[in-house]
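Visitor:
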Amino acid sequence: MIVRSLVFFFVLFVLREQVWALPNFILNDQYGKSYKNTDFVGKPSLFLTCFANDIDLCRKIGRKIYWKLQNLLWSDSDQVHFQLVLLIPDENVLVNQYIQESKNKGYESVLIDRKGYFSDHVKKGMAHLDIHNKQGKAVHFLDYSSIDEEGIQEIHKLLKPLL
Numbered sequence: 199m200i201v202r203s204l205v206f207f208f209v210l211f212v213l214r215e216q217v218w219a220l221p222n223f224i225l226n227d228q229y230g231k232s233y234k235n236t237d238f239v240g241k242p243s244l245f246l247t248c249f250a251n252d253i254d255l256c257r258k259i260g261r262k263i264y265w266k267l268q269n270l271l272w273s274d275s276d277q278v279h280f281q282l283v284l285l286i287p288d289e290n291v292l293v294n295q296y297i298q299e300s301k302n303k304g305y306e307s308v309l310i311d312r313k314g315y316f317s318d319h320v321k322k323g324m325a326h327l328d329i330h331n332k333q334g335k336a337v338h339f340l341d342y343s344s345i346d347e348e349g350i351q352e353i354h355k356l357l358k359p360l361l
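When you line the sequence shown up against the numbering used here, it's residues 199 to 361, in that order.
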């Protein structure tokens, strides 16, 4: 019985480590710059992910989180990676046009995920936030259709111990 329990907990531990780890990826942003998962290890990371149809929602929430946390973290703000991820599972003329237009407008870097590395837990009409520790392990998942000061404070409270 004890052996069976130990095996069960070992399997749970291994599965948890696989599920909660930063995915192994190489993604380009809209400017063509390449990023890989190891670029986000060493600092806590926030990945805000949404489907292509929700890009405006994601940008609005992402900018609010980014700027408010910059003020709350102040001197520690450069110790955190902030990254927006856009899920685009297939080629789409309208989305590609939007990406081209965003290049000309000088928008913040958006990782283009065509393979679904960040698709777990993302829902249509929502922005999904993954908070990863310095080792690349996800420690919190949050979903937003909007965000207020209370939501920003919650993220700050979760992020602060990771610095």
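For glycine and all other residues, C-beta sits at the position ideal for the given N, C-alpha and C.
These numbers were taken from a predicted model, which means no experiment stands behind them.
Taking the alpha helix (DSSP H) that TYR229 belongs to, which residues open and close that run?
Guide: Position 31 of the sequence shown holds residue 229. Per DSSP, TYR229 belongs to no alpha helix (DSSP H) and is neither H nor E.
Visitor: In chain order, which continuous runs of the alpha helix (DSSP H) of length 4 or greater are located wholly inside the region 242-305?
Guide: Qualifying alpha helix (DSSP H) stretches, in chain order: 253-271, 291-303.
Visitor: Is PHE211 helix, strand or coil by DSSP?
Guide: In the sequence shown, counting from the first residue as 1, residue 211 sits at position 13. Here PHE211 scores only 40 on pLDDT, less than 50, and its place in the model should not be relied on; the value that follows carries that caveat. DSSP places PHE211 in helix when its eight states are reduced to three.
Visitor: Given VAL212, which residues of its chain have a CB within under 6 Å of its CB, disregarding the five upstream and five downstream residues?
Guide: In the sequence shown, the residue the question calls residue 212 occupies position 14. Reliability fails at VAL212, whose pLDDT of 38 lies under 50, so the model's placement of it is uncertain and the value that follows must be treated cautiously. Cβ within range, chain order: n/a, list empty.
Visitor: Could you work out which residue in ASP237, VAL291, ASP288 is closest to PHE280 when comparing CA atoms only?
Guide: Position 82 of the sequence shown, counted from the start, is the residue given in the question as residue 280. Checked all of ASP237, VAL291, ASP288; the closest Cα to PHE280 is ASP237.
Visitor: Taking the alpha carbon of SER300 as the reference point, which residue from ARG257, PRO221, VAL337, ASP274 has its own alpha carbon closest?
Guide: The residue labelled residue 300 in the question sits at position 102 within the sequence shown. Taking only the C-alpha atoms, the option nearest SER300 is ARG257.
Visitor: Can you give the Cα-Cα distance for LYS335 and LYS262, rounded to whole angstroms?
Guide: Within the sequence shown, residue 335 is the residue found at index 137, counting from 1. Within the sequence shown, residue 262 is the residue found at index 64, counting from 1. So the alpha carbons of these two residues sit roughly 24 Å apart.
Visitor: What would DSSP say about HIS354, mapped onto helix, strand or coil?
Guide: As a position in the sequence shown, residue 354 is number 156, starting the count at 1. DSSP places HIS354 in helix when its eight states are reduced to three.
Visitor: How far does the beta strand (DSSP E) with TYR342 in it extend, from its first residue to its last?
Guide: Within the sequence shown, numbered from 1, the residue matching residue 342 stands at position 144. Residues 336-342.
Visitor: If you check the beta carbons only, do TYR315 and PHE249 fall under 9 Å apart?
Guide: In the sequence shown, counting from the first residue as 1, residue 315 sits at position 117. In the sequence shown, counting from the first residue as 1, residue 249 sits at position 51. For TYR315 and PHE249, no; Cβs fall outside 9 Å.
Visitor: Can you find at least 3 beta carbon pairs, one from the region 224-232 and one from the region 317-330, that sit closer than 8 Å?
Guide: They do not touch, by the three-pair rule.
Visitor: Once you ignore the five residues that flank THR247 on each side, which residues in its own chain have a CB closer than 6 Å to its CB?
Guide: As a first step, residue 247 must be located in the sequence shown, where it is residue number 49. The residues are VAL283, PHE316, VAL320, HIS326.
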